[in-house]
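This report concerns only the one structure given below.
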Amino acid sequence: MTRIPLLAALGTSLLLAACAEEIVAPPSPPRLVQLAEVVADSGETRHEFVGRVEARLSVDMAFQVGGQLADLPLNEGILIEQGTLVAALDREDFQRAEREARVQLQQANTELERQRTLHERGIASQAALDSAQTNYDLREVALQTARRNLGYATLTAPFDALVSRRLVDNYTIVSPGQPVVRLMDVSELRVSIPISESMVATFDREDLVSLEAAFAFLPGQTFPLEPRELVSEPDSASRTYRAIAALPGDMPANLLPGMTATVFSEFANNGNSGTGLRVPLNAVAAAPDGSQRVWVFDPDTSTVSSRPVTSDGFEGDMIIIETGLAAGDQVVTAGVSALHEGMTVRPLADNTRFGQPQ
């Protein structure tokens, strides 16, 4: 009576074993890769920089004489015309000094005339006359100095300006040369652009195709820039040089010095870029023999193959390809270390095209 269950159990085991042998593990899905299509260079190189808006001129106004501030009428951020009063010292001491110098000059003149009369009569010596003349000359210089100092007690705007900053408070006692108010000439706004040593060494203004600036608060708008100068001394910290370019004269009134600009430049290559092809740096890998290789995608077979290339330098995060690639090739730009020859892959949907730096 125990044989039937035993045979049934044995049959069930054999059936399960047969089913297990028929189960085959599904193939692993193709590896996802990021591709970049290589396109021919347009013959121009583009660069992007972060610049800063500057005034044409920035001046810290200061008195040439010391004293107590009596008038500091201007508010920060306002536009003023040339000749507008910027600041004034208490003029009482300067006015008193001018009056004293004027009286002393009158006295010296009276004494000089008296000595001349006496000298003509033969009563006064030539030395006495010379002394009176010297005293008169000194008093005349003293009056000129007093009048000049009285004028120095007032500061006026030397040009149409933006009042950038008040550097002291009213009624402060200031020293000669101490900055009081900062004025900016905003008749022409400029953009300061930091550029690398290598760009300075190869810069040729004749190769400049376009230079434009954009601002975050003015979306969709770009403004042409006119090169003005290249500062020949590098920044001590960043070791970059400053290129200065002027903005158009009709810029929005809310564009102020200190704001950030994104600057786009475009240079003609003049045939000095090999094949005119560029790929991202991370698309190029080193082979065991030290050569450079890229993984090229074949859309017909959905596989990748390794291809040797030679390069001709760098431009930003791009590498210039001299040989090994052609326009239209698709290269893998991410995960190249995990690929092998003939590997089946599946491109991501957001592949990009590369021919020149953006």
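Under mature numbering (1 follows the signal peptide of the UniProt record, and there is no 0), the residues of the sequence shown are numbered -20 to -1, 1 to 338, in order.
No residue lacks a Cβ here, since even glycine has one placed at the ideal position from N, Cα and C.
Within the same chain, and ignoring the five residues on either side of G238 in sequence, the residues whose Cβ sits closer than 7 Å to its Cβ are R32 and V33. Closest by C-alpha distance to P214, out of S176, L227 and E246, is S176.
According to the DSSP assignment, Y116 belongs to no beta strand (DSSP E) but to the alpha helix (DSSP H) extending over Q106 to Y132. Annotation for A196: no beta strand (DSSP E) segment contains it, and DSSP assigns it neither H nor E. Rounded to whole angstroms, the gap between the alpha carbons of S317 and G270 is 15 Å.
Residue pairing of G31 in beta bridges, as defined by DSSP: A241. Non-local C-beta neighbours of Y132 in its own chain, meaning closer than 7 Å and more than five positions away in sequence, comprise F43, Q44 and V45, ordered along the chain. Beyond the five residues adjoining it in sequence on each side, Q62 comes within less than 6 Å, by CB distance, of A137, F139 and D140 in the same chain, given in chain order. The Cβ atoms of L198 and P232 sit closer than 8 Å to each other. A67 and V161 do touch by the CB rule: their CB atoms are close to 6 Å apart, below 8 Å.
Between R71 and F29, the alpha-carbon positions lie close to 50 Å from each other.
The beta carbons of G308 and S285 sit no closer together than 8 Å. Between Q272 and T283, the C-beta spacing is not below 8 Å. Nearest Cα to A196 within the set V243, E80, D184 and Q158: V243. The three-state reading of DSSP puts R185 in helix, counting H, G and I together. With 16 or more other Cβ atoms inside 10 Å of its own Cβ, T313 counts as buried.
Between L235 and L169, the gap from beta carbon to beta carbon is short of 8 Å.
Bridge pairing for S285: V276 [DSSP]. For L92, the three-state secondary structure derived from DSSP is helix. When the beta-carbon positions are compared, V13 and L305 stay at least 8 Å from each other.
G47: member of the beta strand (DSSP E) spanning G47 to D51, first to last residue.
Secondary structure at F247: strand, using DSSP grouped into helix, strand and coil. Under the 8 Å Cβ criterion, the region 149 to 165 does not count as touching the region 84 to 95, having fewer than three qualifying pairs.
The three-state reading of DSSP puts Q310 in strand, counting E and B together. Beta-bridge partners assigned by DSSP to L191: S245.
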